[in-house]
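Residue numbers (my numbering): 8 to 89. These notes concern the structure reproduced below.
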């Protein structure tokens, strides 16, 4: 009977060691995922900021060109009136 107890004790010990190993691996993987998620958030924020700056600059250029066209149209119509 004692040999059977030793066998089951050893088997349980080995199985618990395997479970502990996989739990440790899972924890490590979750840490990596967490770091990757932070990196993705940072990159997304940077891309969003760059896109907004580009969009604002493009709007400024469009507004400038619209004003130039208005001025040129006004000058053109003035010349044709005289």
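We treat Cβ as the ideally placed atom computed from N, Cα and C, and that holds for glycine.
Go through the stretch 29-75 residue by residue and report every complete run of the alpha helix (DSSP H) that reaches 4 residues or more, in order. Counting only runs of 4 or more, we get nothing.
Within 7 Å: the Cβ of residue 65 and any heavy atom of the ligand SAH? Here there are no bound small molecules, and the ligand SAH is not part of this structure.
Quick check: the Cα distance between residue 14 and residue 41, rounded to an integer number of angstroms? Taking the first residue of the chain shown as position 1, residue 14 is located at position 7. Taking the first residue of the chain shown as position 1, residue 41 is located at position 34. Each residue's alpha carbon lies about 40 Å from the other.
Where residue 78 and residue 71 are concerned, what is the direct C-alpha to C-alpha distance, given to the nearest angstrom? Here the question's residue 78 lines up with position 71 in the chain shown. Here the question's residue 71 lines up with position 64 in the chain shown. Near 11 Å, if we compare the C-alpha coordinates of residue 71 and residue 78.
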